[in-house]
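Chemist: Protein chains in written order, with our numbering: chain A, 113 to 223; chain B, 33 to 143. Would you mind keeping the following structure in view while I ask a few things?
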């Protein structure tokens with residue numbers, strides 16, 4: 113089983129749609145979780161951290177389910193500019209902050 | 033504020049030639065440092081990470097090596113490049129249990 117698994121997509125959605133991505137992780141001892149966004153041929157950039165209580169940043173909502181070992185990202189009112197690959201990131205706790213990336217979920221928002 | 037510099041941005045090298053990619057971080061001390069590789073259309077693969085000077089952990093057997101001669105300097109090297117070494121190489125830093133920040137990446141093509 114991969115350490116971090118994501119549906120590769122692509123998710124093709126119209127502008128204004130709500131879309132949700134899930135990500136599962138294998139290490140129950142992981143302590144930190146993040147969503148990154150990566151545009152084509154660019155470096156990944158932090159979208160948001162994921163907190164145990166869930167957190168929201170504008171149109172983006174992240175949730176953590178420790179019991180089922182998954183995190184989710186919800187995007188409301190999709191914009192064309194949201195088109196990108198979304199990477200799920202989990203730290204592999206072991207006394208150090210080794211960050212493991214999922215392969216990413218591709219989102220394409222169309223007019 | 034912290035910044036991370038990675039160079040060169042693009043590189044075309046013949047098979048069998050050596051490689052040296054350099055990454056430096058400014059504005060922080062004792063960062064965790066990472067080298068990732070991303071093949072075309074794929075996710076990020078962790079190659080090396082370092083929690084301190086001279087401390088390098090290798091994640092996958094490969095044709096590459098890494099060194100950390102100074103606290104904020106991380107170097108990726110190869111003595112003889114293979115075609116399969118082509119990819120997008122990303123350096124990143126983090127503090128303990130925080131998100132990672134990426135350099136702009138080096139797109140390496142081995143011909």
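Glycine included, each C-beta is placed from N, C-alpha and C at the ideal position.
(1) List the residues of chain A whose Cβ lies closer than 7 Å to the Cβ of residue 128/B, in chain order.
(2) Inspect the beta-carbon positions of residue 131/A and residue 123/A and report whether they are closer than 8 Å.
(3) Do you know how far the Cα of residue 95/B is from the Cα of residue 88/B?
(4) With a cut-off of 8 Å, does the C-beta of residue 69/B fall near any C-beta of chain A?
(5) Can the beta-carbon of residue 133/A be found less than 8 Å from the beta-carbon of residue 197/A?
(6) Hey, how far is the Cα of residue 163/A from the Cα of residue 68/B?
(7) Where DSSP assigns a beta bridge to residue 124/A, which residues make up the other side?
(8) Report, in whole angstroms, the separation of the C-beta atoms of residue 121/B and residue 113/B, which I expect to be a contact under 8 Å.
(9) To which residues of the same chain is residue 126/A closer than 8 Å at the C-beta, ignoring the five residues directly before and after it?
Modeler: On the basis of the supplied data:
(1) 209
(2) yes
(3) 15 Å
(4) no
(5) no
(6) 25 Å
(7) 220/A
(8) The Cβ separation is near 12 Å, so there is no contact.
(9) 190, 221, 222, 223
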